[in-house]
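This report refers to the structure that appears directly beneath it.
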Amino acid sequence: MAVFAEYPVDNGGTIEFIYTKYYSPTTMALARDFWTLRYSSVLDDDSLVVCEKSNSGSDAGPSSPTALEFLRARMLASGYMICPAEVGSTIHLVQHFDCEASSVPGAVRPLYESSELLAQMTVVSALRYVEHGFNEMNGKLKYVCREDPYLLRSFSQKISRSFNNAVNGFSEDGWALMSANSCDDFIMCNKETTNFGVYSNCDSILCVKSSLLLKNVCHVRLMKLLKELHSAWMGFNFRNYLVASKPASYAFPGLDISHISRIPLLLGHTNHEDGVG
Numbered sequence: 001m002a003v004f005a006e007y008p009v010d011n012g013g014t015i016e017f018i019y020t021k022y023y024s025p026t027t028m029a030l031a032r033d034f035w036t037l038r039y040s041s042v043l044d045d046d047s048l049v050v051c052e053k054s055n056s057g058s059d060a061g062p063s064s065p066t067a068l069e070f071l072r073a074r075m076l077a078s079g080y081m082i083c084p085a086e087v088g089s090t091i092h093l094v095q096h097f098d099c100e101a102s103s104v105p106g107a108v109r110p111l112y113e114s115s116e117l118l119a120q121m122t123v124v125s126a127l128r129y130v131e132h133g134f135n136e137m138n139g140k141l142k143y144v145c146r147e148d149p150y151l152l153r154s155f156s157q158k159i160s161r162s163f164n165n166a167v168n169g170f171s172e173d174g175w176a177l178m179s180a181n182s183c184d185d186f187i188m189c190n191k192e193t194t195n196f197g198v199y200s201n202c203d204s205i206l207c208v209k210s211s212l213l214l215k216n217v218c219h220v221r222l223m224k225l226l227k228e229l230h231s232a233w234m235g236f237n238f239r240n241y242l243v244a245s246k247p248a249s250y251a252f253p254g255l256d257i258s259h260i261s262r263i264p265l266l267l268g269h270t271n272h273e274d275g276v277g
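For the sequence shown, position 68 matches number 68 in UniProt numbering, and the numbering has no gaps at all.
Given below as structure tokens:
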């Protein structure tokens with residue numbers, strides 16, 4: 001997200017001209033971008049109100065050299081309001097998108113036109129994130145592992161951002177398309193990275209992407225399986241692995257079962273069992 005212009009309003013509010021990019025969750029569809037106007041103001045009762053809506057016209061906003069990598073979507077009337085209450089605060093969230101679902105293959109179209117999935121990915125995720133952070137600050141969440149939850153959550157967000165960057169392969173991030181097989185849906189991309197340390201060198205990251213349609217597989221069961229695998233991954237003893245890898249480059253101590261938390265560490269999510277991460 002980038003704020004291109006900001007204008008003050010007489011009542012103390014602010015109007016911002018914003019450009020936002022949304023990652024594509026699949027290689028079968030383009031990423032989305034938005035040009036929106038956002039109005040922020042504090043009401044007389046100290047409530048914070050933020051309203052946002054796309055500009056008039058689907059092509060509103062300056063053009064970009066990477067515009068071909070995105071499909072212009074529209075944000076309808078959206079925003080949030082934070083109201084003071086006797087025992088704290090109340091948050092109201094509204095998200096309303098038109099993601100041009102007709103341009104997406106039918107296999108993944110529900111990701112762009114389902115109100116339930118949109119709510120899970122935006123409104124519910126935001127509310128749970130706020131709730132989780134509040135409970136964490138007040139000591140209501142107890143973790144078996146000794147690591148700082150903030151550092152682990154930041155690490156998880158970096159992994160998620162890197163994964164989304166690899167899936168979307170934006171040229172402005174340094175990704176270059178090597179080959180694409182339309183028959184097998186295989187895409188190969190390359191990204192060069194330069195290290196300017198004591199010994200400068202240039203490395204390359206190779207990414208091979210593919211999409212697979214799982215027929216008759218409920219997304220809830222699939223998410224449960226992924227969460228179980230994630231919990232097992234979090235139980236890996238990285239500290240012992242680093243110690244063992246120093247004398248033997250190819251040593252692999254395996255999983256340390258004693259480090260698998262009885263309460264799965266929630267990196268940016270709450271302890272709702274029915275939530276979709």
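The beta carbon of each residue, even a glycine, is placed where N, CA and C say it ideally should be.
Delimiting residues of the beta strand (DSSP E) encompassing residue i
i	result
TYR129	No beta strand (DSSP E) holds TYR129; the alpha helix (DSSP H) holding it covers 125 to 137.
PHE70	70 to 72
TYR19	14 to 22
GLY88	88 to 94
PHE170	Premise fails: PHE170 is in no beta strand (DSSP E) and is neither H nor E.
THR36	31 to 42
ARG83	The sequence shown places Cys at residue 83, rather than the Arg named in the question. From DSSP, the beta strand (DSSP E) with CYS83 extends over 78 to 85.
ALA2	2 to 8
LEU48	48 to 54
Inter-residue Cα distance where the pair is residue i and residue j
i	j	result
LEU222	PHE170	28 Å
ASN135	VAL104	39 Å
GLY106	LEU213	11 Å
VAL50	GLY79	5 Å
LEU48	ILE18	19 Å
LEU225	GLY13	46 Å
ILE263	GLY88	Its pLDDT being 37, under 50, ILE263 is placed unreliably by the model, and the measurement read from it follows with that caveat. Straight-line Cα distance between these residues: approximately 28 Å.
GLY174	THR193	8 Å
HIS132	MET188	38 Å
ASN168	THR26	8 Å
TYR7	GLU16	6 Å
LEU118	GLN157	20 Å
SER179	VAL217	30 Å
SER162	ASP44	42 Å
SER154	GLN120	21 Å
ALA85	TYR150	28 Å
MET1	THR36	11 Å
HIS92	GLU116	17 Å
SER160	MET81	28 Å
VAL9	ASP46	17 Å
PHE97	ARG128	20 Å
VAL220	LYS227	11 Å
PHE186	GLU69	18 Å
PRO110	LYS215	14 Å
GLU52	GLU172	26 Å
Residue i, enclosing alpha helix (DSSP H) - first and last residue
i	result
GLU116	115 to 119
Assumed close pair residue i, residue j - CB separation to whole angstroms, cut-off 8 Å
i	j	result
ALA126	TYR112	In fact, because the Cβ distance is near 19 Å, the residues do not count as touching under 8 Å.
ASN11	SER41	6 Å
residue 279	ASN164	As displayed, the chain neither begins before 1 nor continues past 277, which places residue 279 out of reach and without an answer.
Residue i and residue j closer than 8 Å at C-beta
i	j	result
LEU30	LEU76	no
residue 337	CYS207	Lying outside 1 to 277, the shown extent of the chain, residue 337 is not represented and no answer is given.
ALA73	ARG38	no
ASN190	SER210	no
VAL108	MET28	yes
GLN95	VAL123	yes
PHE4	THR20	no
CYS99	THR90	no
Chain C within 8 Å of residue i, Cβ atoms only
i	result
HIS92	The chain inventory of the structure shown lacks chain C, comprising one protein chain alone.
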